[in-house]
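*Asks:*
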Amino acid sequence: MDNIYKKVNNPNGEFIGVIKNNAWFIPIANDNTDYQEYLEWLSEGNTPEEAE
Amino acid sequence: MATTINANNTDGVVITPDTSGELELQANGVTKAKVTANGLQDANGASLRGGMYRNLIINGDMQIAQRGTSSTSSGYYTVDRWWAGDASASNTLVQSQEADAPSNQGLYYSYKTLLTSTSTATGARLESVQRLEAQFIKHSGWNYTSSSSYLTLSFWVKSNVTGTYYALIRTEDGTTKSINKSYTIDAANTWEQKIITISGDSSLQIDNDNGRGLSVWIFYIGNTDVTDNSLSNLDAWGTFSSSGYTPDSSTASTFLNTSSAYISYTGVQLEVGEGASDFEHLPYDVQLQRCQRYYQYVSFSGTAANTGEMAVAGPFRTEMRTTPTLSIYSTSGTGTMTSEFTTHTLTRIGVGQVTVGNLTTFFLGSRGLYNIYCTGLATGGVYVGTSYVSAEL
């Protein structure tokens with residue numbers, strides 16, 4: 906299954922993480938391997954859905 | 009031979025010297041312990057090294073399975089800290105915790121990988137790996153840049169496919185290095201203990217941080233895209249290549265083409281030194297806490313201040329490796345919370361201080377504090393819920 910990422914912003918509109926496959930909230934944390942996987946997904950040319 | 013010191017009922021003590029450089033301690037002529045170049049050993053040559061937490065593998069006896077006991081998915085889904093993979097052979101793997109272990113070892117559970125359909129894809133592979141935190145290796149006492157400093161990997165294994173398998177150990181910092189060591193399963197469906205020793209190498213780099221430091225594959229089989237018979241990493245450290253995790257293996261081909269092939273492991277121990285000591289048994293609560301550094305449930309409860317809001321907060325059960333990933337209820341509205349014996353369906357959930365739904369959560373780093381913020385609830389209602397967080401490697 907292809908992964909789907911959606912950006913999450915805080916009330917100030919600041920990017921704070923992504924939701925993966927409607928099931929996981931992944932924070933911006935360089936040591937977090939899910940975040941590392943997201944960055945790799947981005948580097949492959951993929952684009953996340955925008956935050957609401 | 010060895011110099012012997014024999015305490016017997018006739019002479020008291022009898023010393024019989026030789027020039028081997030080794031010593032045996034005897035009681036009435038029966039050897040009870042040895043001192044060799046490898047250190048203090050029992051009569052069978054097993055190391056008598058002690059020390060708490062000498063096992064660098066977490067949950068090596070497979071007793072903790074917070075996520076569940078059986079799954080058909082690849083990844084972290086059953087036994088804690090163990091990652092199972094079935095690349096290019098999707099939906100063919102069942103990983104599970106089994107109440108099956110070698111007798112008389114004080115072990116009860118094992119970690120089983122079962123193949124449910126075969127695959128001839130050239131990139132097909134099955135694997136079981138535990139990734140170890142770099143700082144735990146850095147501070148283990150292993151002088152990893154020295155060829156005369158050792159790690160010993162020991163484990164019990166059982167399979168219905170006999171033959172040669174490879175364990176793979178890989179460093180993760182700097183230039184990725186790996187070493188393969190073969191082991192043979194001699195008898196089908198029979199628990200066998202295998203012991204593998206590796207030395208350090210001047211080319212290895214292990215950082216003093218919370219990232220991946222060492223990955224330990226106790227099981228890796230693959231078809232030709234991921235194996236390489238010209239591999240230089242067999243029995244020696246070499247630069248890792250993703251096109252050659254291990255040498256080619258007829259056992260791998262047999263395994264991948266045998267429906268219902270399985271392999272089970274337990275009593276996995278990685279320790280500093282040459283020679284395996286007895287498996288280090290840890291109490292359930294200690295083992296659980298070690299696993300919770302990487303995965304844990306968070307529970308929360310609170311009272312809705314009004315129809316719109318409830319906020320709860322608390323620390324993690326133990327400090328996590330890093331700021332974790334949070335499992336969330338479905339944003340499409342399938343999540344539920346219970347309130348005073350009434351189930352409330354959440355219609356929408358957001359996370360990270362975002363008011364886009366009924367549940368908002370944020371985390372302050374790896375120690376907690378987590379905060380869950382809900383809207384659309386009954387005033388005065390007491391709400392409880394659980395979620396889980398993951399900081400796996």
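For the protein sequence lines, the chains are D and Y, in the order given.
Going left to right, the first sequence walks through residues 906 to 957 as our numbering numbers them.
Going left to right, the second sequence walks through residues 9 to 401 as our numbering numbers them.
For every residue, glycine included, the Cβ atom is placed at its ideal position computed from N, Cα and C.
#1: Under 9 angstroms between the Cβ atoms of Leu278 of chain Y and Gly208 of chain Y?
#2: Using the Cα positions of Tyr85 of chain Y and Asp194 of chain Y, report the straight-line distance between them to the nearest angstrom.
#3: Pick from Y:Thr18, Y:Thr262 and Y:Pro25: whose alpha carbon is nearest that of Val169 of chain Y?
#4: Roughly how many angstroms separate the alpha carbons of Asp19 of chain Y and Thr11 of chain Y, rounded to a whole number?
#5: Cβ of Thr217 of chain Y less than 9 angstroms from any chain D Cβ?
#6: Exposed or buried, what is Ile23 of chain Y when buried is set at 16 or more other beta-carbons lying within 10 Å of its beta-carbon?
#7: With Trp946 of chain D as the anchor, note down where its alpha helix (DSSP H) starts and where it stops.
#8: How big is the Cα-Cα spacing for Asn197 of chain Y and Ile271 of chain Y?
#9: If you measure between the beta carbons of Ser136 of chain Y and Tyr116 of chain Y, is that distance less than 9 angstroms?
#10: Pick from Y:Gly219, Y:Leu123, Y:Asn67 and Y:Gly76: whose alpha carbon is nearest that of Gly93 of chain Y?
#11: If Arg41 of chain Y sits next to Leu56 of chain Y, beta carbons under 8 angstroms apart, how far is it from one beta carbon to the other, in whole angstroms?
#12: Is the segment 288–306 of chain Y in contact with the segment 162–180 of chain Y, if contact means three or more CB pairs nearer than 8 angstroms?
#13: Are Val280 of chain Y and Gly68 of chain Y touching if we call contact CB-CB under 9 angstroms?
#14: With DSSP as the reference, label Asp50 of chain Y as helix, strand or coil.
#15: Using 10 angstroms around the beta-carbon of Glu957 of chain D, count the other beta-carbons present and answer buried if the total reaches 16, otherwise exposed.
#16: Since Leu161 of chain Y is in the beta strand (DSSP E), which residue starts that stretch and which ends it?
#17: My output table needs one value for Thr205 of chain Y: the three-state DSSP class, helix, strand or coil.
#18: Are any of the Cβ atoms in chain D nearer than 9 angstroms to that of Thr330 of chain Y?
#19: To the nearest angstrom, how far is the alpha carbon of Gly221 of chain Y from that of Ile145 of chain Y?
#20: Quick check: Phe248 of chain Y and Ser186 of chain Y, are their CB atoms within less than 9 angstroms of each other?
#21: Can you name the start and end residues of the alpha helix (DSSP H) that Arg220 of chain Y belongs to?
#22: With DSSP as the reference, label Ala35 of chain Y as helix, strand or coil.
#23: Check the DSSP bridge columns for Trp91 of chain Y and list the partner residues they point to.
#24: Using CA atoms only, rank isn't needed, just tell me which of Y:Leu264, Y:Leu31, Y:Ile72 and Y:Pro25 is closest to Ser167 of chain Y.
#25: Can the beta-carbon of Ser156 of chain Y be found less than 9 angstroms from the beta-carbon of Trp150 of chain Y?
#26: Just the chain Y side, please: which residues come within less than 7 angstroms of Ile931 of chain D by C-beta, in chain order?
#27: Sorry if obvious, but does the Cβ on Leu140 of chain Y come closer than 8 angstroms to a heavy atom of the ligand NAP?
#28: Are any of the Cβ atoms in chain Y nearer than 9 angstroms to that of Thr938 of chain D?
#29: Tell me which residue opens and which closes the alpha helix (DSSP H) that Phe263 of chain Y is part of.
#30: Can you grab the Cα-Cα spacing for the pair Leu334 of chain Y / Gln304 of chain Y, in whole Å?
#31: Figure out for me which residue from Y:Thr121, Y:Glu106 and Y:Ala142 has the closest Cα to the Cα of Asn216 of chain Y.
#32: Could you give the DSSP three-state label for Leu296 of chain Y: helix, strand or coil?
#33: Would you verify that the beta carbon of Ser398 of chain Y is, or is not, closer than 9 angstroms to some beta carbon of chain D?
#34: Against chain D, does Leu401 of chain Y count as a neighbour if the rule is that its beta carbon must be under 9 angstroms from one of theirs?
#35: Using the C-alpha atoms, what's the distance from Ser251 of chain Y back to Gln300 of chain Y?
#36: What separation, rounded to the nearest whole angstrom, lies between the Cα atoms of Pro332 of chain Y and Phe930 of chain D?
*Replies:* The relevant details are as follows:
#1: For Leu278 of chain Y and Gly208 of chain Y, no; Cβs fall outside 9 angstroms.
#2: Cα to Cα, Tyr85 of chain Y sits roughly 30 angstroms from Asp194 of chain Y.
#3: Considering only alpha carbons, the answer is Y:Thr262.
#4: Note on geometry: alpha-carbon atoms of Asp19 of chain Y and Thr11 of chain Y lie some 17 angstroms from one another.
#5: Here the sequence assigns Asp to residue 217 of chain Y, which means Thr is not the residue at that position. The beta carbon of Asp217 of chain Y falls within 9 angstroms of a beta carbon belonging to chain D, placing the residue at that interface.
#6: By the 10 Å Cβ count, Ile23 of chain Y comes out exposed.
#7: For Trp946 of chain D, the uninterrupted alpha helix (DSSP H) run begins and ends at Thr938 to Ser948, by DSSP.
#8: Cα-Cα distance, rounded: 9 angstroms.
#9: No; because the gap between Cβ atoms is not below 9 angstroms, this pair is not in contact.
#10: When each option's Cα is compared against that of Gly93 of chain Y, the closest is Y:Leu123.
#11: The question names Arg, but residue 41 of chain Y is Ala in the sequence shown. 7 angstroms between Cβ atoms; contact.
#12: Contact between the segment 288–306 of chain Y and the segment 162–180 of chain Y is absent, because fewer than three Cβ pairs lie under 8 angstroms.
#13: Against a cut-off of 9 angstroms, the Cβ pair of Gly68 of chain Y and Val280 of chain Y comes out as no contact.
#14: Three-state DSSP puts Asp50 of chain Y in a strand.
#15: By the neighbour-count criterion, in which a residue is buried when 16 or more other Cβ atoms sit within 10 angstroms of its Cβ, Glu957 of chain D is exposed.
#16: Segment Tyr158 to Ser167, the beta strand (DSSP E) holding Leu161 of chain Y.
#17: Here Thr205 of chain Y sits in strand by DSSP.
#18: Yes, Thr330 of chain Y counts as interfacial toward chain D.
#19: Just so you know, the alpha carbons of Gly221 of chain Y and Ile145 of chain Y end up roughly 7 angstroms apart.
#20: Their beta carbons are under 9 angstroms apart, which means Phe248 of chain Y touches Ser186 of chain Y by this criterion.
#21: Run containing Arg220 of chain Y: none in the alpha helix (DSSP H); it sits in the beta strand (DSSP E), Arg220 to Gly230.
#22: Residue state, collapsed to three classes: strand.
#23: According to DSSP, Trp91 of chain Y bridges with Y:Val137.
#24: Considering only Y:Leu264, Y:Leu31, Y:Ile72 and Y:Pro25, the residue with the shortest C-alpha distance to Ser167 of chain Y is Y:Leu264.
#25: No; because the gap between Cβ atoms is not below 9 angstroms, this pair is not in contact.
#26: Contact of Ile931 of chain D with chain Y by beta-carbon distance below 7 angstroms involves Thr333.
#27: The ligand content of the structure shown is nil, which means the ligand NAP is not present either.
#28: Yes, Thr938 of chain D lies at the interface with chain Y (some Cβ there is under 9 angstroms from its Cβ).
#29: Boundaries of the alpha helix (DSSP H) around Phe263 of chain Y: Ser258 to Leu264.
#30: Roughly 10 angstroms between the two C-alpha positions.
#31: For Asn216 of chain Y, the closest alpha carbon among the candidates Y:Thr121, Y:Glu106 and Y:Ala142 is that of Y:Ala142.
#32: Looking at Leu296 of chain Y - three-state DSSP - the assignment turns out to be helix.
#33: Closer than 9 angstroms to some Cβ of chain D, the Cβ of Ser398 of chain Y qualifies, so yes.
#34: Chain D, which has a Cβ nearer than 9 angstroms to the Cβ of Leu401 of chain Y, makes this yes.
#35: So the alpha carbons of these two residues sit roughly 34 angstroms apart.
#36: If I take the Cα positions, the gap works out to 9 angstroms.
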